[in-house]
Amino acid sequence: MEIQLWREILTPYDQAVKELIVKFEHLIKEHKEKGIYCPIEQVKGRLKAISSILDKAQKKNIEISQIEKKLDDIAGIRLICQFVEDIYKVVEIIRKRSDLRVVSEKDYINHMKDSGYRSYHIIAEYDVETLKGHKTINVEIQIRTLAMDFWSTIEHSLQYKYKKNIPDHIRERLSRAADAIIVLDNEMSSVRSEIMDAQNSFLIQANMVADILTNIQNLYHLANKREMLKIQDEFYRIYKEDNLEHLERFRRELDLMAEGYRAQSYH
Ligand code: 0O2
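The UniProt record's numbering puts the first residue of the sequence shown at 1, with every later residue one more than the last.
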């Protein structure tokens, strides 16, 4: 048997996790900048600990030399959503990505595990470029709601504490908590459009305020400074009104003014 160079083995998986976190976080940022609701709320990622790799290999009777071929979750990405509906939107996003090739899917949302665990799992191939060249590895992507993530994090810690033999009375409580999570997620889904409207308005307002203040700052260097201070005061006054239409009108007027100054400075 060859000596296992764990650092060398794990480097591409570590790289994949880091790259995918950046990519999915950027996707969230792009949605926010465009004022569009993003079905992904949070991105997490982890490289499986060597001890967990060894435990899983032992449990599944996998030879150490076969670990890379047979373990799909050395690189793990978790995408957390607000609503159950979002999970399937995220699945669609992943299926369409050109940098991920879906190998298999498991729907533990519609087919809850006996433990009460719910999540959508995708195993996908991902290409990394390292010092040693090109390598295709498998990545496990778990997609679940905030509530499901809460449950599974707690349950995972208890599994660790009790070495996978959780006492019956705690199991029962976890099972009741899993049922409560289903009720909670359903309740949240029923007010989804209201929550999304509220979040969208917040996003639209935040983008508008950022635009206005950037314009004011840029114009401050070009236009009459006193006039710009007046405009800034006007902005604070309108902002206090808490009226999105007025804020939008103010932004358009400021845009026109900025265009005028830009045209002047061009000529
Ligand atoms: P860790 O420590 O999170 O990495 P299979 O091949 O289908 O028989 P496998 O490969 O374990 O079994 O796949 P499965 O069942 O889809 O589980 C993959 C991962 O999902 C697990 O990885 C967990 O992260 C998570 N998971 C599955 N079942 C449960 C559960 O009952 N509770 C919690 N909290 N998480 C679960 P690992 O390697 O088991 O664990």
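The C-beta atom is built at its ideal place from N, Cα and C for all residues, glycine as well.
When 245, 179, 11 are compared against residue 134, the one with the closest alpha-carbon:
Mapped onto the sequence shown, residue 134 falls at position 134. Taking only the C-alpha atoms, the option nearest residue 134 is 11.
Sheet register partners of residue 138 (DSSP bridge) = Mapped onto the sequence shown, residue 138 falls at position 138. Note: residue 138 sits in a beta bridge opposite 125.
So, is residue 244 buried or exposed, given that buried needs 16 or more other C-beta atoms within 10 angstroms? Within the sequence shown, residue 244 is the residue found at index 244, counting from 1. With fewer than 16 other Cβ atoms within 10 Å, it is exposed.
Ligand 1 heavy atoms versus the CB of residue 63: any closer than 7 angstroms? Here the question's residue 63 lines up with position 63 in the sequence shown. Incorrect: residue 63 has no Cβ contact closer than 7 angstroms to ligand 1.
Proximity to residue 51 [Cα-Cα], best of 223, 74, 31: In the sequence shown, counting from the first residue as 1, residue 51 sits at position 51. Among 223, 74, 31, the Cα nearest to that of residue 51 belongs to 74.
query = Taking Cβ to Cβ, would you say residue 43 is nearer than 8 angstroms to residue 79?
reply = Taking the first residue of the sequence shown as 1, we reach residue 43 at position 43. Taking the first residue of the sequence shown as 1, we reach residue 79 at position 79. Yes.
- Task: Along the alpha helix (DSSP H) that carries residue 17, what are the first and last residues, could you check?
- Result: Here residue 17 corresponds to residue number 17 of the sequence shown, with the count starting at 1. Where residue 17 is concerned, the enclosing alpha helix (DSSP H) stretches over 6-34.
Give me the Cβ distance between residue 247 and residue 208, rounded to the nearest whole Å; I'm assuming they're in contact under 8 angstroms. Here residue 247 refers to the residue found at position 247 when the sequence shown is read from its first residue. Here residue 208 refers to the residue found at position 208 when the sequence shown is read from its first residue. Right, the Cβ-Cβ distance comes to about 6 angstroms (below 8 angstroms), so this counts as a contact.
Item to check | Runs of alpha helix (DSSP H) lying entirely within the stretch 163-198, each at least 4 residues, in chain order | outcome: The qualifying runs are 168-190.
Contained alpha helix (DSSP H) runs [length at least 4] in the stretch 39-82, N- to C-terminal order:
50-59, 67-70
TODO: Alpha carbon to alpha carbon, how far is residue 202 from residue 120? Give it in angstroms, no decimals.
DONE: Here residue 120 refers to the residue found at position 120 when the sequence shown is read from its first residue. Here residue 202 refers to the residue found at position 202 when the sequence shown is read from its first residue. Straight-line Cα distance between these residues: approximately 29 angstroms.
Say yes only if the C-beta of residue 121 is nearer than 7 angstroms to one or more non-hydrogen atoms of ligand 1, and no if none qualify. Looking up residue 121 in the sequence shown gives position 121. It does: the Cβ of residue 121 is within 7 angstroms (strictly closer) of some heavy atom of ligand 1.
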